Structure formats: structure tokens, C-alpha cells
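Residue numbers (my numbering): 18 to 418. Even for Gly, the Cβ is constructed at its ideal location relative to N, Cα and C. The model shown is predicted, which means the values in this text are computed figures rather than measured ones. The structure appears right after this line, and notes come after that.
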Amino acid sequence: MKVCVIGLGYIGLPTAALLANRGYDVHGVDIVQDVVDTINQGKIHIVEPDLDTFVHAAVNSGKLKADTKPTKADIFIIAVPTPFHKSGYDIPTPNIDYVISATKSIAPYVKEGNIVILESTSPVGTTEKVAEVLQENGVNTDNVYIAHCPERVLPGKIMTELVENDRIVGGINKKSTKKTAEFYRSFVTGEVLETDSKTAELCKLTENSFRDVNIAFANELSIICDKYGIDVWELRELANRHPRVNILYPGVGVGGHCIAVDPWFIVSDNKDEAKLIKTARVVNNYKTEWVIEKIKNEALKFEMENKKKPKIACMGLAFKPDIDDLRESPALYITRRLINENLDILPVEPNIEKFDEFRIIDYTNAIHNADIIVFLVAHKEFKNLEIDKNKKVLDFCGVLK
Ligand code: SAJ
């Protein structure tokens, strides 16, 4: 069986490499020539544990080839980004342009009996739109199986979660659901659950919105606790000892390309109904601003007391612990903002060696030289650090607890 995967990013490339290692003939497509060249050399352009081994083996065996153009296949998987339009309005709206152009690009190759799968996280109705675009581009879709199977993998654990997670498959009709589910059952050890395309689309958006709302609850609590002088980490632990309470971790805001984006796909289409989901986005974004204000106030206090500007160590730049991914990272945003305000910042990120924008400082040096130490990301390196008692420490991610 031949599979054509459109989009060789964080989801498409691991999926292509996994399928190739499972014996499928995989034709991977990306519009960026550099990405195609890198993969054809058996190398990778993104950081993800074990992905290099999978890609190397897949390319060496001849089962994975990358190209800038699609080709004939039995199964087409669309795994392209679905960002939102940064329109400057109150509510960002989803941008499915990449899905539409990927669909147009495969249309000349899609034939009767083929399966077309949309894996990109998408607003409700997108899978039906894919079918429409195929029809508009000359495909008779009567006997083409079209379905949504949202990706659900956690960056940092993609290669295991691709296989082990349960999957939701929703077709535009029953035969599409059945046929697509059969394909996933050939390489997924988790359960493959069948539904319709709209439910599958909203299910993915719901999962990430659920997490966003729960993180917002934790973030709001952390601000309330700060006002009372209560330790939010102790409070969280005590409250979580109730059998039906499970509060997530407060932090410096929500980063990455998923949880901070997907809730808007629900809100933009349900402006009057999605009040809580929208508020969660606002609360999580506000938490980042609140952190910046806290740091600036502490710097001002230091300057007034010591008649000199403090050196401030910003501990962690990645969007979450123990990864090197800076995409939509609130920690990086905070560090940039502080640098732009002419504060004396020592940026630390143990998972990154070099960064174009500024020099990254080794964490032991930073702790030694800083007057104020700000923990932004709970990287494992920061746990159990010995810190001089005279230094001011702001721990926004609970890494010292
Ligand atoms: N965060 C907190 N407190 C927490 C948990 C997370 O502040 O208690 C922050 C993190 O620091 C990070 C952000 O939230 O900035 C998102 O991190 P994450 O680990 O919750 O999720 P992602 O974005 O890496 O991956 C999510 C996953 N979705 C869910 O867990 C419901 C993943 O399964 C999805 O496949 C992925 O989004 C996606 O691609 O949609």
C-alpha cells in the first residue's frame, strides 16, 4: 500500500516515518525544498526524541521518499498547519488555507477506492470542505473515503504516542469511517474509535480547550494566592487530596502551537456560547503579562534599595519543561520583553546551545551572577539547585517545590 503524506512537520514526518517502518511505501510531501532534501538524506529538521532513528531507517530501506509534489497513492494523509488569522480583532479566526491548498495539490492523483485523511486540527466542517474541494477539482468522491483523524500526540513523546494513543476516526459517511479506521488499526495499538467527521473535529478542539480551561483555573488561583500571600503550590497539593479535585499546574502562560490556538477555533464560531473557553484564553494570556509586571516590580525594588540595576536570570525559554521547543513560548516572550525594557537579563535554556537573538548563559553561571533569579520553566536541571539565601527568587513554575 502506498501512502502520500502532505506536510512533513511535527505530525506528518513522524507519521510518515512510522508508516514506512511498518512496511508502507511512503511518499512524503513538503513545499520547502530544504526540508525535502534533509529528509532524503535520512536526517530531520525538527527535534523529537527517536524521530531521527525512525527517519534514518525509513529512508535507508527505500520505504520513505520526500518530494515537493504529491503522487498517486492508496491513502493520502493531510498533516499541514492550521494556524489562526492574526487579524487584530478580539477573536482570532482559523486559517485553513494550507488544508485547502494541500487538498487541491492531491486532487489530480485521487482515484476511486482511495482514502483521504485530514489529520490537521481543524474547525468543525473542514473535512466536509475537503470533500467539496476535491469535487470542485474534478474528483468523483462517490467512492473515495474521506475522514478526519485528529492527531493527539504530545511533543516530546510523539513516537510512542503515535502508536499507543487511542484514535478518533470520523468519516463524512459511514463507509469512510470504517475504511479509515481499518487503516489506523494496522499500526495503532490504542483503540480506534469511530464517529462522524464533525464530532471528530470538535473532539480534538474539546481536548485542548479542556486543558486550557483547567490551566486557566490554576493560573487564576496563583494570582489570587499571591494577593493573600498564600503558597499556591501548597494549596494545590492540599486541594488535590480531595478525591474529586485535580488542579493542573500554574505557570507563566500557555505556549506551543496547540492549546493556545485550538480553543479559538471553537470561540470564533460560537461567539455567544463559548464564554468560558474564551475567558480561559484571556486568563492564560493575562498570566504572562502579570508575570512580567511582577519581575519589573522586583527589579525596581532592588534598584531603589541597592542603587544599581539588578542582574536577572530568566531560567528557561522553552514552552514547557525538558524540551527545546520555543514555539509560542511565554517564557521566551517574557525574556524578550524584559530585554527590550533594558533590564539586565541572563537568559538560560539548558536544552538549547545557541540562539541567534541573544547569548544563552549556562545555568550555574547565571545563578551565581544574578541578583534576582526568575524560574519560568520547570526544567529538570533546575530542581534541587543550591541558591544563595540572599538572592531574590521568583518561582513562577513551582520547580523549587
Ligand atoms: N501547561 C501549564 N500547566 C499544566 C500543563 C501545561 O501551564 O498543568 C502549559 C505548558 O507549560 C505549555 C502548555 O501548557 O506551555 C501546553 O503544554 P501541554 O503539555 O499541555 O500540551 P502540548 O501543547 O505540548 O500538547 C497538547 C496535547 N493535548 C492535550 O494534552 C489535551 C497533545 O495531546 C496534543 O496532541 C497537542 O496539544 C496538539 O498537537 O494538539
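- Arg169 has its CB nearer than 7 Å to a heavy atom of the ligand SAJ.
- Around the CB of Asn314, fewer than 16 other CB atoms lie within 10 Å, so the residue is classed as exposed.
- A heavy atom of the ligand SAJ is found nearer than 7 Å to the CB of Cys275.
- DSSP assignment within the stretch 73-160 yields the following whole alpha helix (DSSP H) runs of 4 residues or more, N-terminal first: 114-123 and 143-153.
- Of the candidates Ile48, Val46, Ile276 and Val53, the residue whose Cα lies closest to the Cα of Val299 is Ile276.
- Leu417 is the residue among Pro98, Leu417, Ile189 and Asn302 whose C-alpha sits nearest the C-alpha of Ile404.
- Tyr162 has Ile132 as its beta-bridge partners, per DSSP.
- Inter-residue distance for Ala83 and Ser137 is about 19 Å (C-alpha atoms, whole angstroms).
- In terms of Cβ geometry, Cys166 and Ile185 form a close pair [threshold 8 Å].
- Rounded to the nearest angstrom, the Cβ distance from Trp281 to Pro98 is 14 Å, too far for a contact under 8 Å.
- Classified as buried, Asn368 has 16 or more neighbouring CB atoms from the shown chains inside 10 Å of its CB.
- Annotation: the continuous alpha helix (DSSP H) that includes Val284 extends over Asp279 to Val284.
- Look at Asp279: its beta carbon is less than 7 Å from one of the heavy atoms in the ligand SAJ.
- For the ligand SAJ, a non-hydrogen atom lies closer than 7 Å to the CB of Val271.
- Annotation: Arg344 is outside any alpha helix (DSSP H) and is labelled neither H nor E by DSSP.
- Val269 sits away from Cys331, with the two beta carbons spaced by 8 Å or more.
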